[in-house]
Each structure stands twice: as structure tokens, then as C-alpha cells.
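Step one of this worksheet: look at the structure below.
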Amino acid sequence: MAPSTTSGAPFGRMLTAMVTPFRPDGGVDYDGAARLATYLVDEQRHDGLVVNGTTGESPTTSDAEKDRLLRTVIDAVGDRAVVVAGAGTNDTAHSRALARAAEEAGADGLLVVTPYYNKPPQEGLLLHFTEVADATGLPAMLYDIPGRSGVPILTETLIRLAEHPRIVAVKDAKADLFAGSLVMGATDLAFYSGDDALNLPWLSVGACGFVSVVGHVVGADLHEMIDAYLAGDPERALEIHRRLLPVVAAIMTRTQGAIAVKAALNLLGLPGGTVRAPLVDASLEFSARLREDLTIGGVKVPEVTIPEVAR
47 MAPSTTSGAP FGRMLTAMVT PFRPDGGVDY DGAARLATYL VDEQRHDGLV VNGTTGESPT
107 TSDAEKDRLL RTVIDAVGDR AVVVAGAGTN DTAHSRALAR AAEEAGADGL LVVTPYYNKP
167 PQEGLLLHFT EVADATGLPA MLYDIPGRSG VPILTETLIR LAEHPRIVAV KDAKADLFAG
227 SLVMGATDLA FYSGDDALNL PWLSVGACGF VSVVGHVVGA DLHEMIDAYL AGDPERALEI
287 HRRLLPVVAA IMTRTQGAIA VKAALNLLGL PGGTVRAPLV DASLEFSARL REDLTIGGVK
347 VPEVTIPEVA R
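Residue numbering for the sequence shown is 47 to 357, as defined by the working numbering.
Here it is, written out as C-alpha cells:
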């Protein structure tokens with residue numbers, strides 16, 4: 047089955063920013079990553095996966111680990127899902143190199159996050175994103191997340207960046223639906239919700255899909271939400287949105303997202319594994335409450351899973 051894309055959704059509609067499973071000794075669990083990617087595509091209806099994004103703890107993985115992980119996921123699901131490679135760092139030269147390596151590995155596209163910590167001016171963002179987009183022939187999705195990067199990509203900057211032939215989409219975690227609406231009205235950029243709490247509102251103003259975190263455990267439900275909304279059934283989409291609220295709250299609001307979603311995967315007996323410092327694994331108390339909230343949201347959590355990575 048070929049990857050599901052349309053002219054209005056260049057990377058598909060339902061994507062998840064995939065975690066990087068780590069073994070207890072800290073190494074990357076490549077076999078686990080392949081199993082997780084297969085589960086997300088074949089059982090959770092994902093059109094695509096983002097590999098080596100910040101949810102994948104990319105600041106703590108080496109370039110060699112990134113390359114092997116990307117190739118592992120492409121080998122596992124690249125014939126039936128879009129595989130987007132995270133290539134964003136706070137170093138433009140490094141980001142260009144990661145972009146070229148991702149193209150060589152066979153990625154379908156790039157996700158390029160706003161440089162973090164540096165707090166560049168808007169002209170610096172223009173330079174950074176343009177240089178990364180110029181480095182390959184791959185389509186690029188910009189990742190606008192000022193809560194982590196410290197700097198938003200302003201509306202005027204996005205409009206200018208949209209002139210680049212390979213900058214085709216935005217993953218928005220800025221929570222400004224009006225600003226996004228202005229950009230969508232002025233450009234052909236495809237918007238993806240990067241904030242699971244706002245998935246349905248983003249659809250209502252013209253977003254084409256999601257790059258999710260909770261999609262690790264409820265991807266099929268989110269795909270159904272998209273299908274219902276696009277089929278003219280907003281009531282059904284709203285029903286799904288409300289049912290999933292406990293899942294979104296549990297994973298996205300109580301601790302760092304990679305910590306929470308790895309705990310959720312471990313509860314389900316899926317390859318989540320540990321996190322790398324400076325992150326710390328979820329506590330037993332957090333995991334117990336997480337189990338309850340997942341169950342309330344309709345996720346079938348086994349009574350006992352081995353191993354549950356929690357301490």
C-alpha cells in the first residue's frame with residue numbers, strides 16, 4: 047500500500063512524532079523501533095511517522111544513531127507510510143548536514159524545528175530555514191513551537207518562507223489559530239496540528255492533519271476524527287475529541303511528553319523503553335494514574351505488562 051498523501055496534505059493526514067525506544071543500558075532499541083513503527087502504521091492507521099524529532103529525544107541522540115534509526119524505520123514501513131526525518135537543531139550547518147543524510151537514507155521529507163536557545167531574530171529564522179530547505183530536494187515541514195524554542199515564526203516570516211518551493215507545510219504548536227488562519231489564507235502552506243489539545247480546532251480553521259504525540263496510543267481514533275470531520279460529520283469528530291480528553295491530559299499536561307508517552311507504551315506492552323538524561327522515567331505513581339486515564343479514554347490497557355519501565 048502506497049503512503050497516503052493528497053495535494054492538500056503533502057505528508058498524509060495522520061502522523062505521529064515517534065519516540066526513540068532506548069534499552070535499559072541506554073542504547074537505542076532498533077528492533078523495538080521497527081516494531082513500534084509497524085504497530086503505528088499497520089494497527090493505528092498512521093499515514094506517516096516523524097523520526098528523530100524532539101519527541102524522539104533528538105538532542106540526545108548522535109548523528110550515527112539518527113541515521114541508523116531512520117533507515118530502520120524506512121525499512122520497516124517506508125513502502126506504506128510517509129517517513130519524515132527530523133533535521134532541526136540550533137546549528138544551521140548541522141541541520142543542513144542532517145537534512146542531506148536524511149535524503150541519502152531515503153526519507154520522504156524533513157521536519158525542521160525553530161532553532162532553540164539561540165533566540166534568533168526573524169531574519170535569522172529566514173536564513174536558517176532557507177538554507178536547510180536548499181540543502182536537499184526533499185519537501186520540508188517547519189515546526190513552530192515557541193514554548194520550547196523561545197521564538198515564534200511570525201506570520202510575515204511564514205508568508206515569506208512559503209515562497210520557497212520545498213517549504214510546503216507547518217507543524218504548529220503555537221496555539222494561535224488566528225495567526226495560522228492568516229498564513230493559510232495568504233499561502234499554500236499545509237498546516238498540521240502539533241498540539242493534541244487543539245487537533246479538532248485546527249481542523250476547523252483549515253489544517254490538513256496532525257503530527258501527534260498521543261497518536262502513539264490513539265492514532266486510529268485520531269484518524270477517525272479526521273475522516274469524520276472531512277466527511278461532514280463534525281458531531282462525530284467532536285464526540286471523539288471529547289472521549290480522548292483524558293488521554294490528552296494524561297500524556298500532554300502532567301509531565302514532559304516523551305516521558306509520558308513512553309510510560310503509556312510500556313503499560314501497553316509496546317516498545318517505549320527508557321528515556322535519556324536529562325529526562326527521567328515516569329514514577330510508579332504517575333504510571334498508575336496514567337493507566338486509569340488511558341482506560342477512561344477507551345484505551346485497552348493490559349492488567350500486567352512486562353516490563354513496565356517506571357521507578
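Glycine included, each C-beta is placed from N, C-alpha and C at the ideal position.
Assign residue i to one of two classes, buried (16 or more other C-beta atoms within 10 Å of its C-beta) or exposed (fewer than that).
| i | result |
| --- | --- |
| K217 | buried |
| G99 | buried |
| K165 | exposed |
| G73 | exposed |
| R288 | exposed |
| G193 | exposed |
| Y163 | exposed |
| A139 | exposed |
| F224 | exposed |
| D190 | buried |
| D137 | exposed |
| D125 | exposed |
| D242 | buried |
| D267 | buried |
| G134 | buried |
| A277 | exposed |
| T62 | buried |
| G54 | exposed |
| D154 | buried |
| T361 | The question about residue 361 has no answer here: the residues shown for the chain are numbered 47 through 357. |
Helix, strand or coil, according to DSSP, for residue i in the structure here?
| i | result |
| --- | --- |
| S108 | coil |
| T66 | coil |
| S239 | strand |
| S258 | strand |
| Y275 | helix |
| I205 | helix |
| Y162 | coil |
| T135 | coil |
| G314 | For clarity, residue 314 is Leu in the given sequence; the question names Gly instead. Coil at L314, not helix or strand. |
| V347 | coil |
| I120 | helix |
| K217 | strand |
| D327 | coil |
| L184 | coil |
| V321 | coil |
| G303 | helix |
Confirm the yes/no value for this check: CB of residue i, any heavy atom of the ligand ZN, distance under 6 Å.
| i | result |
| --- | --- |
| A295 | For the structure depicted, the ligand ZN is absent and the ligand set is empty, with no information on it obtainable. |
Just how far apart, CA to CA, sit residue i and residue j?
| i | j | result |
| --- | --- | --- |
| G152 | A309 | 30 Å |
| L207 | L172 | 7 Å |
| G78 | D113 | 16 Å |
| V257 | S108 | 23 Å |
| L115 | L156 | 15 Å |
| M64 | G231 | 30 Å |
| A221 | P198 | 11 Å |
| I352 | L314 | In this prediction, I352 scores a pLDDT of 45, lower than 50, which makes its location untrustworthy; the coordinate-derived value is nonetheless stated afterwards. Taking the straight line from one Cα to the other gives about 9 Å. |
| A274 | D71 | 43 Å |
| G344 | D180 | 44 Å |
| P348 | R212 | 44 Å |
| D339 | V293 | 6 Å |
| H262 | A304 | 11 Å |
| A122 | M60 | 18 Å |
| A110 | V264 | 31 Å |
| P302 | E281 | Residue identity check: residue 302 is Gln in the sequence provided, not Pro. About 31 Å. |
| S250 | I286 | 15 Å |
| L86 | L244 | 21 Å |
| D279 | R91 | 20 Å |
| H269 | A283 | 10 Å |
Spatial neighbours of residue i within its chain, please: C-beta separation below 8 Å, excluding the five flanking residues on both sides.
| i | result |
| --- | --- |
| A356 | Note that A356 has pLDDT 43, beneath the 50 cutoff, so the model's placement of it is unreliable and the number below is only indicative. Excluding sequence neighbours, A356 sits near A309, N312, D327, A328, S329, L330, F332 and S333. |
| V229 | T201, L204, I205, A208, V216, L235 and F237 |
Considering only the alpha carbon of each residue, which of the options lies closest to residue i?
| i | options | result |
| --- | --- | --- |
| T233 | E209, D242 and C254 | E209 |
| A306 | R337, A274, F175 and A277 | R337 |
| G196 | T160, A304 and E270 | T160 |
| P56 | D339, A186 and L284 | A186 |
| K346 | V87, L290, S250 and D88 | L290 |
| T101 | V260, Q90, R91 and R117 | V260 |
| F175 | E149, E150 and A145 | A145 |
| L188 | P167, V158, Q168 and E169 | V158 |
For residue i, collect the residues of the same chain with a Cβ closer than 6 Å to its Cβ; drop the 5 residues on either side in sequence, then sort them by chain order.
| i | result |
| --- | --- |
| G226 | D218 and F237 |
| W248 | S239 |
| L104 | The sequence shown places Ser at residue 104, rather than the Leu named in the question. Counting only Cβ-Cβ distances below 6 Å, and skipping sequence neighbours, we find N98 and G132. |
| A296 | L336 and D339 |
| A147 | D113 |
| T341 | V347 |
If you drop the 5 nearest sequence neighbours on each side, which residues of the same chain put their C-beta closer than 7 Å to that of residue i?
| i | result |
| --- | --- |
| T106 | R322 |
| D75 | P67, F68, R69, P317 and G319 |
| E177 | T138 and R142 |
| A83 | M64, L95, V119, A122 and V123 |
| E354 | Here the model assigns E354 a pLDDT of 49, short of 50, so the residue's position is not dependable and the matter cannot be decided. |
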